[in-house]
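Some notes on the structure that comes next.
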Amino acid sequence: FAGYRSDLLLPLHDSVVSEVLREATATLQPLLCEGAAATLPVNYLKDGDELASELPGMQNRGSYSPDDPFELVELAALLAWPGSKHQKVHADYKRDAYLERGTAVGRLPPRLVTFVYLQDVPTASHGATVFLPGTSTAAAHKRFYDDQTFDPKVTPMIATLEAGDAVVYDASVLHFGGANTVEGNDRVVFYFGISGAGAAASLAGPAPPGFASCSPIPLSDCAR
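The sequence shown begins at 37 in the working numbering and counts up by one.
Okay, structure coming up:
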């Protein structure tokens with residue numbers, strides 16, 4: 037990340053963290069389930085290391101049954117201190133139609149991310165995140181990453197919001213964190229990501245040093 041910008045992993049066992057997560061998921065659970073079912077692609081891998089299709093990220097699950105729940109796959113805070121530069125445009129996962137076998141192993145799976153704003157972000161100068169709607173497709177990613185161009189019809193959306201507001205987005209949409217040029221504006225965003233059951237496990241590599249594996253955490257458990 038550019039200077040003065042970082043992600044901080046949050047401990048789920050912390051009472052404040054777990055309560056914020058519980059309230060957010062309890063409030064947003066219907067929206068999260070509907071959004072994830074409509075947008076998340078087929079799991080990248082099946083049968084160990086085979087690609088689920090020749091066009092990973094092009095096919096959506098469409099619906100999930102009660103026996104195929106969503107799981108919590110990330111929980112952190114995004115910190116953007118005064119003086120932080122804007123990020124490069126990026127997607128948090130790529131909807132490539134040309135991934136080589138095994139490329140996705142060890143990475144986070146396709147997911148739906150929720151930002152919960154802890155301070156007001158009234159202007160773009162406060163480090164607002166900028167989203168490019170309609171770019172969560174393999175075609176848009178190929179155009180951006182290979183050809184380094186955008187569809188001229190795409191209109192950026194600047195997330196200028198108030199404390200307590202939330203943004204839910206497909207992590208494959210192109211976006212970037214804007215520069216924080218406001219003195220004294222220590223911008224912190226609480227965020228979490230959900231994915232389909234088993235998606236994270238199918239991509240898991242060895243646990244990083246200092247970390248341990250854990251059992252899956254269903255979204256429904258977070259909301260209780």
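Glycine residues also receive a C-beta, built at the ideal position from the N, C-alpha and C atoms.
Thinking C-beta only, is residue 61 closer than 9 Å to residue 259?
-> yes
Helix, strand or coil for residue 106 per DSSP?
-> strand
Compute the distance between the beta-carbons of residue 40 and residue 119, then report whether it is under 9 Å.
-> yes
For residue 195, which of 114, 151, 52 has the nearest alpha-carbon?
-> 151
Residue 205: first and last residue of the uninterrupted beta strand (DSSP E) it sits in = 202-206
Compute the beta-carbon to beta-carbon distance between residue 107 and residue 236, rounded to the nearest angstrom, for a pair I have assumed lies under 8 Å.
-> 7 Å
If you draw a straight line from the C-alpha of residue 233 to the C-alpha of residue 105, how long is it?
-> 6 Å
Please check the pair residue 261 and residue 131, which I expect to be a contact at CB under 8 Å, by giving their CB distance rounded to whole angstroms.
-> Here the chain comprises residues numbered 37 to 260, so residue 261 is not present and cannot be evaluated.
Name the two residues that bound the continuous beta strand (DSSP E) containing residue 231.
-> 223-232
What does a CB cutoff of less than 8 Å around residue 145 pick up in its chain, not counting 5 residues either side in sequence?
-> 79, 80, 109, 129, 231, 232, 235, 236, 238, 239
With a cut-off of 8 Å on the beta carbons, I'd call residue 162 and residue 216 a contact; round off their distance for me.
-> 6 Å
Compare the Cα-Cα distances from residue 126 to each of 209, 218, 229 and report the closest residue.
-> 209
Option nearest residue 123 by Cα separation, candidates 218, 111, 166, 175 = 166
List in chain order: all unbroken alpha helix (DSSP H) runs of 4+ residues lying wholly within the region 141-175.
-> none
Check whether residue 46 and residue 204 have beta carbons under 9 Å apart = no
Taking Cβ to Cβ, would you say residue 225 is nearer than 9 Å to residue 113?
-> yes
Over what stretch of residues does the beta strand (DSSP E) that includes residue 41 continue unbroken?
-> 41-45
Nearest-angstrom Cα separation, counted from residue 186 out to residue 168 = 9 Å
Based on Cα-Cα distance, which residue from 43, 199, 48, 42 lies nearest to residue 252?
-> 48
Could you name the residues that DSSP lists as bridge partners for residue 194?
-> 166
Roughly how many angstroms lie between the CA atoms of residue 197 and residue 214, to the nearest whole one?
-> 14 Å
Pull up the CB-CB distance for residue 115 and residue 57, whole angstroms please, since I reckon it's below 8 Å.
-> 18 Å between Cβ atoms; not a contact.
Could you check if residue 101 is buried or exposed, using at least 16 other CB atoms within 10 Å of its CB as the buried criterion?
-> Low confidence applies to residue 101: its pLDDT is 46, below 50, so where it sits in the model is not reliable enough to give any reading.
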